[in-house]
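Before any comments, here is the structure.
Number of protein chains: 2
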Amino acid sequence: MKELIRNRIGDLRQKMQEEGLDAYIISGTDPHMSEYLPEHGQTRAFISGFTGSAGMVIVSLDQAALWTDSRYFLQAEEQLAGTNIELVKMRTAGHPEPAEWLKLNLRKGAVVGTDEWCISINQFEAMQKSLAEAGIMLKETGDLLNAIWTDRPTLPDSPTYEHELKYACTDRKDKIEIVCRELEKSGANLQIITALDDLAWTFNLRGSDVECNPVFMAYASVSAEEIVLFIEGKKLPAELKSKLESEGIQIREYSGLIEYLQHLPNTAKVRIDADRTNQAIRKNIPAACLIVEGLSIPCRLKAIKTEAEIEHIREAMRKDGVALVEFLYWIENSLGKIPVTEYTVAEKLTEFRTKQPGFKGISFFPIVGYKEHGAIVHFHVSEDNALPIEKNGFLLFDSGGQYLDGTTDTTRTISLSELTARQKSDFTLVLKGMISLSRAKFPSSTRGYHLDILARKDLWQQGLNYGHGTGHGVGYFLNVHEGPMSIRQEFNDRMIEAGMVLSDEPALYRLGEYGLRTENLLVCVKDESTEYGDFLRFDTLTLCPIDTKAIEKSMLTAEETEWLNTFHQWVYNELSPRINDELKVFLKEQTRPV
Amino acid sequence: MKELIRNRIGDLRQKMQEEGLDAYIISGTDPHMSEYLPEHGQTRAFISGFTGSAGMVIVSLDQAALWTDSRYFLQAEEQLAGTNIELVKMRTAGHPEPAEWLKLNLRKGAVVGTDEWCISINQFEAMQKSLAEAGIMLKETGDLLNAIWTDRPTLPDSPTYEHELKYACTDRKDKIEIVCRELEKSGANLQIITALDDLAWTFNLRGSDVECNPVFMAYASVSAEEIVLFIEGKKLPAELKSKLESEGIQIREYSGLIEYLQHLPNTAKVRIDADRTNQAIRKNIPAACLIVEGLSIPCRLKAIKTEAEIEHIREAMRKDGVALVEFLYWIENSLGKIPVTEYTVAEKLTEFRTKQPGFKGISFFPIVGYKEHGAIVHFHVSEDNALPIEKNGFLLFDSGGQYLDGTTDTTRTISLSELTARQKSDFTLVLKGMISLSRAKFPSSTRGYHLDILARKDLWQQGLNYGHGTGHGVGYFLNVHEGPMSIRQEFNDRMIEAGMVLSDEPALYRLGEYGLRTENLLVCVKDESTEYGDFLRFDTLTLCPIDTKAIEKSMLTAEETEWLNTFHQWVYNELSPRINDELKVFLKEQTRPV
Chain A
2 MKELIRNRIG
12 DLRQKMQEEG
22 LDAYIISGTD
32 PHMSEYLPEH
42 GQTRAFISGF
52 TGSAGMVIVS
62 LDQAALWTDS
72 RYFLQAEEQL
82 AGTNIELVKM
92 RTAGHPEPAE
102 WLKLNLRKGA
112 VVGTDEWCIS
122 INQFEAMQKS
132 LAEAGIMLKE
142 TGDLLNAIWT
152 DRPTLPDSPT
162 YEHELKYACT
172 DRKDKIEIVC
182 RELEKSGANL
192 QIITALDDLA
202 WTFNLRGSDV
212 ECNPVFMAYA
222 SVSAEEIVLF
232 IEGKKLPAEL
242 KSKLESEGIQ
252 IREYSGLIEY
262 LQHLPNTAKV
272 RIDADRTNQA
282 IRKNIPAACL
292 IVEGLSIPCR
302 LKAIKTEAEI
312 EHIREAMRKD
322 GVALVEFLYW
332 IENSLGKIPV
342 TEYTVAEKLT
352 EFRTKQPGFK
362 GISFFPIVGY
372 KEHGAIVHFH
382 VSEDNALPIE
392 KNGFLLFDSG
402 GQYLDGTTDT
412 TRTISLSELT
422 ARQKSDFTLV
432 LKGMISLSRA
442 KFPSSTRGYH
452 LDILARKDLW
462 QQGLNYGHGT
472 GHGVGYFLNV
482 HEGPMSIRQE
492 FNDRMIEAGM
502 VLSDEPALYR
512 LGEYGLRTEN
522 LLVCVKDEST
532 EYGDFLRFDT
542 LTLCPIDTKA
552 IEKSMLTAEE
562 TEWLNTFHQW
572 VYNELSPRIN
582 DELKVFLKEQ
592 TRPV
Chain B
2 MKELIRNRIG
12 DLRQKMQEEG
22 LDAYIISGTD
32 PHMSEYLPEH
42 GQTRAFISGF
52 TGSAGMVIVS
62 LDQAALWTDS
72 RYFLQAEEQL
82 AGTNIELVKM
92 RTAGHPEPAE
102 WLKLNLRKGA
112 VVGTDEWCIS
122 INQFEAMQKS
132 LAEAGIMLKE
142 TGDLLNAIWT
152 DRPTLPDSPT
162 YEHELKYACT
172 DRKDKIEIVC
182 RELEKSGANL
192 QIITALDDLA
202 WTFNLRGSDV
212 ECNPVFMAYA
222 SVSAEEIVLF
232 IEGKKLPAEL
242 KSKLESEGIQ
252 IREYSGLIEY
262 LQHLPNTAKV
272 RIDADRTNQA
282 IRKNIPAACL
292 IVEGLSIPCR
302 LKAIKTEAEI
312 EHIREAMRKD
322 GVALVEFLYW
332 IENSLGKIPV
342 TEYTVAEKLT
352 EFRTKQPGFK
362 GISFFPIVGY
372 KEHGAIVHFH
382 VSEDNALPIE
392 KNGFLLFDSG
402 GQYLDGTTDT
412 TRTISLSELT
422 ARQKSDFTLV
432 LKGMISLSRA
442 KFPSSTRGYH
452 LDILARKDLW
462 QQGLNYGHGT
472 GHGVGYFLNV
482 HEGPMSIRQE
492 FNDRMIEAGM
502 VLSDEPALYR
512 LGEYGLRTEN
522 LLVCVKDEST
532 EYGDFLRFDT
542 LTLCPIDTKA
552 IEKSMLTAEE
562 TEWLNTFHQW
572 VYNELSPRIN
582 DELKVFLKEQ
592 TRPV
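In the order they appear, the protein sequences are chains A and B.
Heads up: the first sequence begins at 2 in the numbering used here, then just goes up one per residue.
Heads up: the second sequence begins at 2 in the numbering used here, then just goes up one per residue.
Here it is in structure tokens:
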């Protein structure tokens, strides 16, 4: 593998020289700015061997570097060893940002290339401006990898299908009407939809182009005058195509977007999200059109779940909760009796979910970390690297399902033996953070970066922290990571609004020892309105007990203890009607008040 | 006054028509982007009659509007009544931002003018870009008010003086060396200093050009090759001028900056803060020079107080604390005996400070609010509007001094009678917020917007809030509001660093009833370093008792009670050696543990 990577970089350098480039940027995303990619789009993994879900690679004629975030530092170090690719840690002192790195390593007059299809407008412009300060040019070169990637997988051609109205809750005609109304309010009259989950939501369609994410590759243009879906013909079953056409939706080829853009009328006021739209699209919109910058309209609408959707999600959570309780019961009764490894745990988690109605697959590959593996934030377990699990210490598992009525994502850490005082204290600090965010009440203009500290402050007080965000948006039978909002330290100007579903997952990683993470999904709901503003709070969605044996009760405040007991009572009430008597006894014990 | 304002706007409109303008923007600041202005620069007050410290005015041919923030909503409503100027509330739903307002009210092809000397580069560019979307042009017109402001005060010509090294702690040669070193690190080699407090800090000079802020109007250019100070000749005493020149500092006229900029060599790499530098300066830098965008180097250095400075600040706090205790004793023994009004309180606060050594004046005009006046955030008390104070309810006072060894800013709210349960609860919620921020421990990359919620969360939980920031930086014998950092909800990417001095002032305003605010100054200090990062915390600087009679003790956590008692013990220990026996008895009582 290492040699393969070195050879690929060599091939790329030759290509770069032919093109007169001193460096080439592989952004690591696709034309839809996706986080998770079909194999065809996995350029970062192809050129570097690094398989994490975030990162950028830059290859110069004599150097190569990969930027990734703290979730993947350990994994990247391992996977890059021997490739001559340097790991540059994002948001870490002493580690230059990509533009800075280029300026440090290239001379005035140098030319840097990138595929304009795979870089956002803002990224491109910021990079261009920054490099220009040092007399370096950023050039749009298209995809240089295509020429050297001889066995590149083809673009996915899995069939697209409808998300039944029963589950989708709002039909696409109504959704498109709302989009057009919001467009008009924003001073625009046309929305180019490029994000795959925005598309899936808008058209109530789903696909299987990306593992674990039920999306399909396409673009769309939506305006009051016309609705155009750009999709490979073979991906759209004839019946569905007719249905869409009968509803007035024009179907064109995936590659037809550029020509369509180039012929937009001068009256078009195109709403474009410069953070989530690629530079090639921007470049192909005629100069005479007005550009209205702003988040894609479907992106925000999709994030605000309707009451009907939330009812469905609550049902999906009950099903997921049953699967998780079955799993907890299984592991308690299997350890010490049959061989259990991290890998079998991952398989079992999926197996229990598979039994639930409406289950369409996992929402991401389960993260199962026993002991020191728990400290590897996004540990990818396989049959080869799986540790056998014994009755000792902590087991962390983070998993979720795709159901027709919702997407789930739950992390629990359970104790498999008596714990030390420090282990209990660590577990309780993480739990306090999770509860603190769950209990928050806040004005309607609050952003995620305002709230993030609630989940961290008790850890910080002890000199502890975790190197990832606290909460991500979650889709509705869609991507388990969904924008536009988030709860993290990093700036994200999107407000937390009523109807948004977010994870709440503080953590603590003791390198070489264990990892702790406790994650519930929350839905933001309206609280009271006072003369000081409209207030919001969270309701918890996740139905799964938290290991009370791992808690140091004296560290909980009265309010936190009350929250925990109320939560457990609710979990029991919701799940007990769906499980057998043996499981009921088990769940009763798991949810006993502390 | 109302008629005067209407006439001035009429005159401006005539001028606008002569210049072919459809609207004119009065940014409300000066060429140095100052918050507090010499009378010459008070364009906002001239054109609108509004005397608050923040806001922008736009006059079109048939409309006029003022934007200000929530601190000033009440004051602005009163002062704008009858002027035909509309109040637009900043950061308030349904209230358009200035560019949006212009786009709503002007047609395609319209021309908007502004004085390029009084708008920051970023403001100018953002406004220009936003207006261009609607086909509106933003034009640099210079200052149109000058022609209609016939009795405009002249530019201030108060003498500049040295801040003795004994207090300044670092001599200007060393400061300039550090500036040059930091410049080089940032890829620049020349700093244009435009902010008046940056100048005062860099050169260890002070002035009296702006009320309460010991600054002088000037610009400077600093590089390893040359140091140039641009200042009106008459503002620089001959002896000081010679001294500066003997140290290699060139003195040029204030108006000489433009010519200097126009002749910068091509090798100049000019560091410019686009948020804090005016558009005229940017425009006059030759295109061949490299622009390195970033916060002015002195701005950050100035905010990080040295250990020697912090020692001096602690001494200034002791002096200020004695004055405040004398004031508290005076009011307790005067109410009901002699007539006391809000105005006499403001005078007394200054009088007690004046007795302290090194006192150079007040750091801002005292805000004194009895009962319902307390709810007017920045209430400006005068002999005319002052309420008589009786033994009833709350009295809020926010005041500070300029000492040679530090700048102070303290708010206390005291109860003058038995309180209702709600009054006590309100007071305690505000106090909990103040303590929560004081006790914070956080990693070194933390921003103020991460911390702000600590001061608000207990208020939010009850549906309460306050409409201003929680903390501002404080200068060292300099401006009482000092950047670059802050603790507030609004985005500000500057980190809180060890050595920075900030206020901690949560509040609650019950309109028509009372206002509560409790403010201490804090200094950020290093805490432990762990494998999870370098941690920081705050030490409290302010020495003044908090009214324990107003506290509902059952609402404090054990940690909060401990913090309060430790704080009060410290206040007594620090101040008691400096006060007479009568005051000692009084202070002992005020600082008794709860």
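Built from N, CA and C at the ideal position, the CB exists for glycine as well.
Computed from a prediction, not measured in an experiment: that's the story for all the values here.
| Check | Outcome |
| --- | --- |
| Which of the three DSSP states, helix, strand or coil, is assigned to B/K589? | helix |
| So what does A/T408 bridge to, in DSSP terms? | A/Q403 |
| Relative to chain A, which residues along the region 512–529 of chain B have a C-beta separation below 7 Å, given in chain order? | E529 |
| Please list the terminal residues of the continuous alpha helix (DSSP H) segment that includes A/A324. | 308–335 |
| Would you identify the three-state DSSP class for B/M128, choosing helix, strand or coil? | helix |
| In this structure, what does DSSP give as the bridge partners for B/C525? | B/F539 |
| Is it buried or exposed, B/R272, if we count other Cβ atoms within 10 angstroms and call 16 or more buried? | buried |
| Pick from B/V382, B/S159, B/H41, B/L81: whose alpha carbon is nearest that of B/K3? | B/L81 |
| Which ranges would you report for the alpha helix (DSSP H) in the region 421–466 of chain A if only whole runs of at least 4 residues count? | 422–439, 449–462 |
| Given this structure, state the Cα-to-Cα distance separating A/I228 from A/R253, to the nearest angstrom. | 11 Å |
| Under the DSSP definition of a beta bridge, which residues are partnered with A/W68? | A/M57, A/V89 |
| Just to make sure I have the definition right: I need the residues of chain B whose C-beta is within less than 8 Å of the C-beta of A/V293. Which are they? | E134 |
| To which residues of the same chain is A/T549 closer than 6 Å at the C-beta, ignoring the five residues directly before and after it? | V595 |
| Could you check where the alpha helix (DSSP H) with B/D199 kicks off and where it finishes? | 197–204 |
| Drop a sphere of 10 angstroms on the beta-carbon of B/D175, count the other beta-carbons inside from all chains shown, and report buried for 16 or more, exposed for fewer. | exposed |
| Can you check which of these residues, B/T171, B/I250, B/V326, is closest to B/Q591 by C-alpha distance? | B/V326 |
| Could you give the C-beta distance for B/A456 and B/S437, rounded to a whole number, given that I count them as a contact under 8 Å? | 6 Å |
| How would you call A/F492, buried or exposed, if buried means at least 16 neighbouring beta carbons within 10 angstroms? | exposed |
| How should A/S555 be labelled, buried or exposed, when 16 other C-beta atoms within 10 angstroms of its C-beta is the threshold for buried? | exposed |
| Examine the ligand NAD and report whether any of its heavy atoms sits within less than 7 Å of the Cβ of A/T155. | Ligands in the displayed structure: none, and consequently the ligand NAD is not present. |
| Within this structure, are the beta carbons of B/R518 and B/A441 separated by less than 8 Å? | no |
| Given B/E36, which residues of its chain have a CB within under 8 Å of its CB, disregarding the five upstream and five downstream residues? | T30, S54, A55, N480, H482 |
| Spell out whether any CB of chain B is found under 8 Å from the CB atom of A/F428. | no |
| What is the rounded straight-line gap between the Cα of B/L302 and the Cα of B/N334? | 45 Å |
| Taking the DSSP output, what are the residues bridged to B/M138? | B/V112 |
| In three-state DSSP terms, what is B/K338? | coil |
| Tell me which same chain residues have a C-beta within less than 6 Å of the C-beta of A/L291, skipping the five on either side of it? | K270 |
| Enumerate, from N- to C-terminal direction, the unbroken alpha helix (DSSP H) stretches of 4 or more residues contained entirely within the region 206–259 of chain B. | 239–247 |
| Answer with buried or exposed for B/W68, where buried requires no fewer than 16 other C-beta atoms within 10 angstroms of its C-beta. | buried |
| When we look at the beta-carbon of A/E19 and count the other beta-carbons within 10 Å, is it buried (16 or more) or exposed? | exposed |
| My guess is that A/D453 and A/I488 are in contact by the Cβ rule of under 8 Å, so how many angstroms apart are they, rounded? | 5 Å |
| Below 6 Å CB to CB, which residues in the same chain sit around B/P389 once its five sequence neighbours on both sides are set aside? | T342 |
| Compute the distance between the beta-carbons of A/V502 and A/C545, then report whether it is under 8 Å. | no |
| Among A/D505, A/W150, A/A288, A/F360, which has the Cα closest to the Cα of A/I6? | A/W150 |
| Listing by chain order, which chain A residues have their CB less than 7 Å from the CB of B/G449? | Chain A residues near B/G449: none, gap ~11 Å exceeds 7 Å. |
| Taking the alpha carbon of A/L88 as the reference point, which residue from A/V60, A/G110, A/K284 has its own alpha carbon closest? | A/V60 |
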